[in-house]
Structures are given as structure tokens and as C-alpha cells.
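Before any comments, here is the structure.
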Amino acid sequence: MFKKLLVFLAILMLVGYLGNLLLDNPYMHGVIRRAINHQLEEYTHINMSFEAVGAKFMPPGIEVYGIEVEDAQNKELLRASHIKASVSFKALLFSRKELFDIEITEPRVQLPLPPIEQLLRMEKFPELLEPNEPIVWPPKKPLPFYRLAISNGQVSLHLKDKDKELLGVLVSGLDAEAIFRSWSSYSLNIQSSKTNVSVEGKSLLMESKIDLRLRSAREGLKTDVFRIDSTELNSLGALNIAFELTPPNPNGRILKGLNIRLDHRIREANFAILGRFLDVKDTDGLLAGKVDLSLLIPFDDRKAAWELDGDAVSKNGRIAGFKLLDTKTEFNIRPEGMSFEKLIVMKQGKE
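Okay, here's the thing in C-alpha cells:
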């Protein structure tokens with residue numbers, strides 16, 4: 359029995375070696391390159407160039423180096439130094455649809471992307487032309503991968519109203535990994551070495567490290583870790599995303615919206631963040647406290663809703679040069695404005 363197993367493994371290794379020789383050569387590289395370009399031309403308005411391409415028979419997979427993706431107007435959409443996609447023998451053996459292990463190295467993405475009709479040949483995707491249907495949860499189709507990993511990525515987002523920038527986000531040193539087993543078992547880990555966020559040109563987060571680890575929970579997502587660290591902000595909290603679903607139905611449940619709850623404890627923050635946002639000079643000093651954010655994102659005719667509650671203790675804080683001393687406050691922020699439930703000023707330990 360043992361000898362037969364050795365013979366089988368030897369034959370398997372030989373077949374894999376010969377298969378790799380047949381696939382990993384300049385002629386086959388050219389065939390793969392032409393096949394990729396043909397599919398892109400037939401189904402999309404996207405132009406893609408790459409420096410090199412390779413394929414393997416065992417394990418089955420493909421690797422592409424030096425990728426640049428542009429739209430029809432030659433605007434860069436994606437750049438990556440290396441993309442690798444391999445097929446899991448285990449998935450093939452057990453007839454699983456989550457076949458691929460995908461790794462993307464040093465991607466650079468600029469958001470928002472152009473409208474989908476500028477990227478795809480819509481006549482090839484008639485299902486996208488149909489009226490939007492309610493979102494069924496869980497989806498009927500699984501994802502095609504069981505692992506998607508990004509290393510040292512960069513994502514930039516710029517939302518503008520004419521010439522005015524409403525929101526700017528730049529995430530650098532991005533490492534992310536999504537593990538998908540089923541729609542009831544999946545996880546997402548995101549770490550960034552530098553994150554900058556600005557609203558209407560005013561910086562809120564500067565050079566911040568972010569560590570976010572999400573996993574599936576019953577009818578939603580929850581965090582194992584959510585941490586933000588920078589010279590101006592140090593905080594640790596929890597993020598919970600609950601799916602608002604219709605009652606169970608043989609045809610599936612409709613996802614009506616997302617109820618997002620953020621409970622964040624601020625170990626230390628600088629009033630300078632508030633000063634930049636409000637455009638108020640001579641605003642500095644430290645504070646600590648907590649914030650609780652509730653946010654509803656509906657997928658029906660309802661409007662989005664949010665509210666934020668918190669408390670804070672300032673230490674030698676200043677706003678517009680006004681000394682807050684050691685102030686304790688409890689506050690509420692709603693779309694219609696901000697109110698203070700409690701405001702206590704301490705001086706030499708006394709109110």
C-alpha cells in the first residue's frame with residue numbers, strides 16, 4: 359500500500375512538472391496574453407497592459423506582472439505590480455464553487471470609478487440592464503474565491519461637487535485579507551499604515567494607523583478589533599453591522615438596510631482636530647472619552663438616519679484661545695444640531 363502511494367505521488371509530481379513545462383514558456387505566455395486581451399476587448403471598454411504573464415499546471419494558476427488598467431479615455435483605474443490566482447485542489451475535489459486564491463501586490467486604485475456603462479459593454483451583460491430588484495440575503499451565488507489578499511496597497515477617494523472637494527481619503531500601506539467559506543462564514547481583516555481623511559478640505563485624520571478585523575455574525579458583522587492610532591488620536595472600539603431583514607421566506611429574505619453601531623473609546627485625542635474642522639485657530643489640548651454612533655443605511659425608500667452620543671473629559675484644552683480647564687461634558691449630535699446634556703468645569707479639582 360505504501361509503495362503504491364509513493365508511485366502515485368511520483369507520477370503526480372512528474373505530470374505536474376511536465377505540465378508546468380508545457381504552460382510556462384514564451385509561446386504559451388503569448389497565447390495567454392492574447393486570450394486576456396481578446397476577452398477584455400469583447401466584454402469591456404477597458405485597456406490593460408502588463409509586463410509579463412505566466413501559468414502553472416500544478417497547482418493550476420496564472421500570474422501577471424506589471425499591470426496597468428485604463429478606461430477608454432486612458433484614465434488610470436488600477437495599477438499593480440503582481441496578481442496571482444491559483445485554484446484549490448481541495449475545492450475541485452469537493453466540487454466547491456469557491457475555487458480561487460487571489461493575491462494582489464501593491465495595487466493602486468483611484469475612486470470613484472467611472473459609471474459601469476463606461477467600463478462594460480452592457481449588451482454583453484443584459485442582467486445589468488434589468489430594473490433593480492430587492493437585495494436577497496443570503497445571495498444565491500457564492501463568491502468565486504475562498505481567499506482574496508492585498509498587500510501594500512493604496513486607495514484614494516475624492517468626492518467632489520463641481521470644483522469643491524467634499525471628501526478626500528488616502529489609504530497607504532494597505533494590507534487586507536478576505537476569507538470566504540459561505541455567506542454565513544466569512545471574515546475581513548484590514549490594516550493600513552497611513553490613513554488621511556479630509557472633509558471639505560479640512561483634515562480630520564492625519565497619518566493614522568488603522569486595524570479593523572470583521573467577521574460574520576448572526577445576520578450581520580461584528581469586529582474583533584477596531585483600533586485607530588496617530589499622534590493626534592488613539593482609540594479602541596467595536597463596530598457592529600446588523601442586517602435588517604424581512605421575515606423568513608422560501609424565496610429568501612430581503613435585505614432592507616444596514617443598522618451600524620460604533621462604540622468607540624477615545625483614550626487620547628487632540629482638540630486640534632476639532633480646530634481644523636471648525637476652522638478655529640488657537641484650538642489645542644487633550645481630551646479622552648467615548649462616542650456612540652448609530653447609523654441606518656436603508657435600501658428602500660427611507661432616508662438615512664444617524665445620531666451620535668458621547669462624553670469627554672478635557673485636560674488643558676483650548677478652543678479659540680478660551681481655556682476649558684478640566685471640563686467634563688456629555689453631548690448629543692443630531693442632524694438638526696448639537697446639544698450638551700451636562701457641562702462641568704473643574705478647577706483645582708473642584709467644580
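Numbers given in my numbering equal positions in the sequence shown, counted from 1, plus 358.
Don't be surprised by glycine CBs; every beta carbon is placed ideally from N, CA and C.
Fair warning: this is a prediction, and the values are worked out from it, not measured in the lab.
Hey, would you say residue i sits closer than 7 Å to residue j, going by beta carbons?
{"i": "G419", "j": "S444", "result": "yes"}
{"i": "S439", "j": "E421", "result": "no"}
{"i": "S530", "j": "E565", "result": "no"}
{"i": "D429", "j": "P470", "result": "no"}
{"i": "I462", "j": "I508", "result": "yes"}
{"i": "L620", "j": "L597", "result": "yes"}
{"i": "D569", "j": "V583", "result": "yes"}
{"i": "R634", "j": "K560", "result": "yes"}
{"i": "L546", "j": "V527", "result": "no"}
{"i": "N426", "j": "S407", "result": "Looking at the sequence itself, residue 426 is Glu, so the reference to Asn does not match. Taking 7 Å as the Cβ cut-off, E426 and S407 qualify as a contacting pair."}
{"i": "L532", "j": "S550", "result": "yes"}
{"i": "I730", "j": "L506", "result": "Outside the shown range of the chain (359 to 709) lies residue 730, about which nothing can therefore be said."}
{"i": "I655", "j": "G615", "result": "yes"}
{"i": "T553", "j": "L562", "result": "no"}
Measuring alpha carbon to alpha carbon, tell me which residue in the options is nearest residue i.
{"i": "D494", "options": "V529, N607, L435, P484", "result": "In the sequence under discussion, the amino acid at residue 494 is Val, which differs from the Asp named in the question. Nearest C-alpha to V494: N607."}
{"i": "R539", "options": "F584, F458, I624", "result": "F458"}
{"i": "P710", "options": "E665, A646, A575, R571", "result": "This structure leaves residue 710 out entirely; the chain is present only between 359 and 709."}
{"i": "N710", "options": "G526, A600, F629", "result": "Since the first residue shown for the chain is 359 and the last is 709, residue 710 is missing from the structure and cannot be characterised."}
{"i": "T687", "options": "A646, A536, V557", "result": "A646"}
{"i": "R454", "options": "S550, D667, P502", "result": "P502"}
{"i": "D650", "options": "R660, D667, R634, D658", "result": "D667"}
{"i": "I641", "options": "F680, R660, K614", "result": "Before going on, a small fix: residue 641 reads as Thr here, not Ile. The option with the nearest alpha carbon to T641 is F680."}
{"i": "E481", "options": "I677, Y401, I394", "result": "Y401"}
{"i": "P693", "options": "L653, L683, I677, D669", "result": "L653"}
{"i": "K700", "options": "Q431, D669, K433, A630", "result": "D669"}
{"i": "L683", "options": "I691, F689, N674", "result": "N674"}
{"i": "K442", "options": "V467, A663, V411", "result": "V411"}
{"i": "N628", "options": "D582, R660, I677, A662", "result": "I677"}
{"i": "E558", "options": "D582, L525, K567, S550", "result": "L525"}
{"i": "T604", "options": "Q476, E475, P492", "result": "P492"}
{"i": "N490", "options": "W541, T581, F657, Q476", "result": "F657"}
{"i": "R437", "options": "I394, N395, K499, Q512", "result": "Q512"}
{"i": "K648", "options": "D659, S672, E485, S542", "result": "S672"}
{"i": "P500", "options": "E602, W541, A393, K522", "result": "W541"}
{"i": "S543", "options": "V638, K520, E577", "result": "E577"}
{"i": "Q476", "options": "Q431, K567, L613", "result": "Q431"}
{"i": "D659", "options": "L613, G695, I691", "result": "L613"}
{"i": "W664", "options": "N690, K639, G643", "result": "N690"}
{"i": "V467", "options": "K518, D637, K433, Y504", "result": "K433"}
{"i": "I548", "options": "D519, E523, R391, N510", "result": "N510"}
Which residues share a DSSP beta bridge with residue i?
{"i": "M406", "result": "V427"}
{"i": "T581", "result": "L572"}
{"i": "K560", "result": "V557"}
{"i": "M516", "result": "The sequence given here places His at residue 516; Met does not occur at that position. In DSSP, H516 forms a bridge with G526."}
{"i": "I537", "result": "R505, S545"}
{"i": "D587", "result": "K567, N592"}
{"i": "S550", "result": "L532, I568"}
Between residue i and chain C, is there a C-beta pair that is closer than 7 Å?
{"i": "R391", "result": "In the structure shown, chain C does not exist; there is a single protein chain."}
key: Within the region 631-708, ranges of the beta strand (DSSP E) (whole runs, at least 3 residues)   = Taken in chain order, the unbroken stretches of beta strand (DSSP E) that lie wholly in the region 631-708 and span 3 residues or more are 642-656, 663-677, 680-692, 695-704.
ask   = Do the region 587-602 and the region 621-636 touch if we need at least three Cβ pairs shorter than 8 Å?
value = Yes: at least three Cβ pairs fall under 8 Å.
request  = Assess, as a yes-or-no matter, whether the region 531-545 is touched by the region 560-579 under the definition of 3 or more beta carbon pairs within less than 8 Å.
outcome  = At 8 Å Cβ cutoff, the stretches touch.
message = Which complete beta strand (DSSP E) runs does the region 420-502 hold, if anything under 3 residues is left out?
response = With a minimum length of 3 residues, the continuous beta strand (DSSP E) runs that stay inside the region 420-502 are 434-445, 458-463, 466-469.
Segments of 3+ residues assigned as beta strand (DSSP E) that fall wholly inside the region 592-636 = The region 592-636 contains these whole beta strand (DSSP E) runs: 611-628.
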